[in-house]
Amino acid sequence: MSAEEKGGAARKAAGAKSASGYFLDPDRRPAAAFAVGIGCLLLALHHAGLSRLTPAYLAAWTCLLALPAGALPVVIMIERADAWRPQPETALLETLRGLLVLMPVAALLALPIPLAAPLLYAGPGSAGPDGPLALFGAAPPFLALRLGLYFALWTGLALLFARRGGEPWAKAGRIDDGRAVLGLGLHTVVGTLAAGDLVMSVGTNPALRFHASAFGLLVLAAWSSLALAAAILVAPPDVGPARRRHDRLTPLAVLLLVWAGLHLVQFLMLGAAADPEAAAWYRLRSGSAGRALALSAAAVVALAAVLTLRPGENRTRLVAAFAVAIHLAELFWFVTPAFRGSFRIGLTDVLALAGLVGLAMGLAPVVRRLVPGLAVTPAWPGRERARSGAPGLVAGDRARKPVVRPPEAS
Amino acid sequence: MTERPQPVFPSSSPLSSRPAFLYGAAVIGAGETVASIGEALTTAVLAPASGGWRLAVAGTLPPILVWIALRPSVPAALGAAGAGWWIGIAAGCLMISGLLLLADVAWRCGIARLAQSAALLGAGLAALHPVPAHPVSLAALIVTGFGLWAAALLPDLAVLRDRLGAGPHRRTRLYRALSLGWRGSALQWLAWERACRGLALLGILAAVAVLIDLALAAALRTDRHDTLLPIALLVEAVLSGAGLIAALAVVLRRSLGLGGLVTGRHLDILGRLILAFGLAALYCHVTEIVTAILYGDAAERARLTRRLLGDEAPAFWTFMLAGLLPTQFCWIPAIRRSPAALGLTGALVACGLGADHVLAARIAAAGTGLPDRLPELMAAGAAALGSVGLFVLGLLLLFRLVPPVSIAETRRLALLHNPQAGPSPPPIGHPALRGAMQGAMQGVVQGAVQGAGQEPGQGAMPRTGRDPSPGLVAVFASEAGLAEAARELSASDAPPRLDAFGPVPMPEAGAALHRDERSLNRFALSGAFLAAAAYIVVRAAGFVGELPSGIADGLMGVAVSAWTLSPSLSSLPVLPPVWPLSWAMAAVPALSAAAAGGSVGIAVALLRALRGARTGRPLPSDLAGHFLLTVEPASEPFNPAALARRLMSLPASAGRPLAVYGPAAGRPLR
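Chain order of the listed sequences is L and V. Here full-length UniProt numbering is used: the first residue of the first sequence is 1, the next is one more, and so on. Here full-length UniProt numbering is used: the first residue of the second sequence is 1, the next is one more, and so on.
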């Protein structure tokens, strides 16, 4: 029995009369989280109104989507890298696989977006520089149709690449080059289209929108970086001698560098073009908060790059925590200035993010039951011994908690 | 077909029963050993030139002469396209080589030298064209490419030096000078590995920077502002590099008979690389088209129409049909595994991708009247062929001087995969070895101990009468045994001074001897910082100098020379004489300058490390290719016989040497 379950049992035995005891009970936690999420969203609605809540909801939802959609390519890449390494990555990979369960959750929570499309995107009748197909496609039914298609493909990919979790590698088969290339390719295409549809096209004023063909890659890089950083924060450390443990900072630093490079390249190319739409887009986002975000991001990337010279577990987690914060702010930076005239994080944004987190925590167990293929069992070394309490169990094994509770436990 | 190699896992790994390779054949021939690899690759260099080689050299001369003759008449825009193409190939090869090295991919040895040589030659050829990128970016590409190529060569040059012996031959002197006193000590290997990794990283940075610079140059001069253009150029660079390496690898393994070193598995991997990057390039171009259709304005859609159906269509469809379509053939395993088919596909892809640079040049010239008359296009084609001839000639000459495949890294791969690949025991009592040992030990080699069960002191050599030097040299079958022995001797109360030598990098021995080399990072960072700062200062001086009443008149000369394009390029109607003065635009050349400065810093640090590790006696060349542990007195008393007995008493699987050379046992030297 894990420490978490022991705590839950003790609270049950004590009667769990207090409010905190009620919410901390693992069995009641999803329902409690769902209720808190609804409460946060209602509070945000009351505080800001529907027109101000919808952009915050969209931005918070992209943060949620970033976890499974960003984890997917990283899972594929780690699996492929493991094919060449004598010792595979275990705990981090299983944590990333665990994030894939959020894909159907994100799909469910995307339902309000087509309904609120008139508040988020320019309608088909509005004049602007966009091509006719984009304006036609911004109509709510078409947007819902495309979202359905994206999530059908993404969920299929998540099922394909999460199914192998927890099984011995040889038994589960391998993700060969062909499947990896097809998985990455399909994800890249779907992600590019989704990023264009949902993030790049945001804004009801066509004059304040811009388009860039690298935007999809940029968003995908941000998502992957966020998912990897979040997984590093959650995943338990590898066991074994220090030299056998995988360096988790270098992949994160590489992703952060790619992401920052894409930002820089996009800025330079659009700057070289002297594109007025792009200039307006950047002007909206370059207030004091925007500049502070850019400087902070540059500092985090530089820190990650420098710390790769002396990696360590605590340093890796520090960089990961900074990266999560930067990416969450960045996803709001993409969306909200189109509606507010500048970038700033307000109470509405915080409430929307908290609401989405609560709803996701509430829906995840339901989704795990409905889609058992996504219920990943952690499979890091020592798991079986930790469960059985067999001799030879190391302290680190005992302290570990399952990233995603196994299906039999729920 | 060779037997599939078995995994090499640490015995403590819980996954040791799992196969190391998912599929495919071996990455090195089953019969390859440390000795056979050295023999094959040094012979490829030192053997007299064959008739085929002479014929190939002669074949490259006509197109080169044509190129020299036609070069002035080639339209400048197409010349710039040629420069872009060569930059792409150089950057791609450098990135492939660097990424494989940084990822510590063991099988890289089969293609790494090819990639590095191609990168160096490609960058040099680009410099002979009117370059559309910033000069600093191209210079950084050349510096980092040369740095990685030269650093990776060092141990191989020492192998060539040892193979030639001590003769007065001109080549011997050349290799002795170029190998910079390389002895293969643990510290030298450590410094070498770190230097190669650092140079690989800086090479990748320089390659990415020069490609971004190319894209920015196109965006500044033309209406091509697509934000995916830098990514597309980067992907196409890797693709063209992979195609070229595949074609060269096929020719190399056939012409030099290196099928055991550049295996079918290498070709298969290159085929997969071509396929993956072909898909990535396709993504870039399709996304560009889809974005223009979905979100673009009327002007963008008009430009798209021009590209698909208008005057740019020939270049565009050449690019698609010759550059990208053949990459999809690599879905078929038979094509990936057929050397001829893969070589042809790679060559076609590498050539076809040049059309995208032509496309950029034509876009650049839109509205400026780029001549497209047939004679000028033919002149451009002949010039391109001539530059290819120059590239081939360069490769032919280079591979007469240096091994086409890395000896050190291939030996390491062989030791990893072939159980019998280790060096054979040295012949005891062999006159050549005895003489060499006498020279090495300054005439004090008095005994040799061979194998288990033989007492130290047996077969002692006669004294030579010169001053005794009380050292021991132990010969081991593997690095692991050497490391065990080093740990055993280091554990004593008064440990002797130990050093390790070997034919491959020895991280375990380095750790056992507590060797570390940290100055490389410091030098690299210092060099990068200084170079970037110098560039920014020059850039700022140029900026001030352009003010109406400039306060930096004295610096104007420097500034203008730093920012003005080359004369041939400045004459192009489509290129401005000076780059826009924007801090953001300066970021990319500053990155290039930092990469170049870092490379110079690493080179200085490597030279310093090599000089520092060169102290002590030279080892006999007859023992080259073996794992050696030298034991010298660090304090009194020093009892070599006791140390020799201690070494020989170690278990055979845990550090017992094959042989120990040194003074007669039983008499401590004081």
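Glycine included, C-beta positions come from ideal geometry on N, C-alpha and C.
VAL136 of chain V versus V:ALA380, V:LEU244, V:SER592, V:LEU216, residue with shortest Cα-Cα distance
V:SER592
Can you say whether MET378 of chain V is buried or exposed, counting buried as having 16 or more other CB atoms within 10 angstroms of its CB?
exposed
Rounded distance between the beta-carbons of VAL300 of chain L and LEU256 of chain L, thought under 8 Å
7 Å
Below-8 Å beta-carbon distance, GLY183 of chain L vs any chain V residue:
no
State the start and end residues of the unbroken alpha helix (DSSP H) segment that holds ARG497 of chain V.
Here ARG497 of chain V belongs to no alpha helix (DSSP H); instead the beta strand (DSSP E) covers 497 to 501.
What residues are listed by DSSP as bridge partners for GLY203 of chain L?
L:TYR121
Residues in the same chain with beta-carbon distance under 7 Å from SER653 of chain V, minus the five sequence neighbours each way, listed in chain order, please.
none
Which one of L:LEU359, L:ILE345, L:ALA144 has the shortest CA to CA distance from LEU115 of chain L?
L:ALA144
Along the chain, where does the beta strand (DSSP E) containing PHE476 of chain V start, and where does it finish?
472 to 476
Between the Cα of TRP85 of chain V and the Cα atoms of V:PRO72, V:LEU102, V:LEU121, V:PRO62, which residue gives the shortest distance?
V:LEU121
Short check: CB of LEU154 of chain V to CB of SER179 of chain V, under 8 Å?
yes
Less than 8 Å between CB atoms is the rule here; does ALA533 of chain V satisfy it with respect to chain L?
no
Check the Cβ of ARG62 of chain L against every Cβ in chain V and list those closer than 7 Å, keeping chain order.
Reading off the sequence, residue 62 of chain L comes out as Thr, not Arg. What THR62 of chain L touches in chain V: nothing, since even the nearest Cβ is about 19 Å away.
Contact list for SER213 of chain L against chain V, beta-carbon separation under 7 Å:
ASP226, THR227, LEU228, THR287, GLU288, THR291
Put ALA659 of chain V into one of helix, strand or coil per three-state DSSP.
strand
In angstroms, rounded to a whole number, what distance separates the CA positions of ALA624 of chain V and LEU211 of chain V?
43 Å
Interface residues of chain V around GLY312 of chain L at Cβ under 9 Å?
Chain V residues near GLY312 of chain L: none, gap ~16 Å exceeds 9 Å.
Inspect the beta-carbon positions of GLY362 of chain L and TRP333 of chain L and report whether they are closer than 8 Å.
no
Is PHE529 of chain V helix, strand or coil when you go by DSSP?
helix
Verify whether the separation of the beta carbon atoms of LEU100 of chain L and LEU374 of chain L is less than 8 Å.
yes
Going by alpha carbons, who is nearest to ALA335 of chain L out of L:LEU50, L:ARG285, L:ALA71?
Here residue 335 of chain L is Val; the residue named in the question, Ala, does not match the sequence. The shortest C-alpha separation from VAL335 of chain L is found at L:ARG285.
Can you confirm whether LEU268 of chain L, when its beta carbon is compared against all beta carbons of chain V, has any partner nearer than 8 Å?
yes
On the CB-based measure, 16 or more other CB atoms within 10 Å of its CB, does residue 712 of chain V come out buried or exposed?
One cannot answer for residue 712 of chain V here, as it falls past the ends of chain V, which runs 1 to 670.
Using a 10 Å radius around the Cβ and a threshold of 16 neighbouring Cβ atoms, would you call THR305 of chain V buried or exposed?
exposed
Taking the beta strand (DSSP E) that GLU312 of chain V belongs to, which residues open and close that run?
No beta strand (DSSP E) holds GLU312 of chain V; DSSP gives it neither H nor E.
My assumption, with CB atoms under 8 Å, is that ALA133 of chain V sits in contact with LEU214 of chain V. Please give the rounded CB distance.
5 Å
Can you tell me whether DSSP reads GLU94 of chain L as helix, strand or coil?
helix
Let me know the secondary structure DSSP gives PHE142 of chain L once reduced to three states.
helix
Within 10 angstroms of its Cβ, does HIS169 of chain V collect 16 or more other Cβ (buried), or is it exposed?
exposed
Which bits of chain L does VAL521 of chain V rub up against, with CB to CB less than 8 Å?
The sequence given here has Asn at residue 521 of chain V, not Val. Per Cβ cutoff of 8 Å: LEU309.
So GLY386 of chain V packs on TRP67 of chain V, CB below 8 Å; how close in whole Å?
2 Å
Just tell me which of L:GLY183, L:SER213, L:ALA207 has its CA closest to the CA of GLY196 of chain L.
L:SER213
Assigned secondary structure, ALA629 of chain V (DSSP; H/G/I helix, E/B strand, else coil):
Rather than Ala, the amino acid found at residue 629 of chain V in this sequence is Leu. Correct three-state label for LEU629 of chain V: strand.
Using three-state DSSP, classify PHE638 of chain V as helix, strand or coil.
strand
Taking the alpha-carbon positions, what's the LEU92 of chain L to LEU264 of chain L distance?
29 Å
Give the single residue among V:CYS196, V:ALA587, V:VAL600, V:VAL604 whose Cα lies nearest to the Cα of GLY261 of chain L.
V:ALA587
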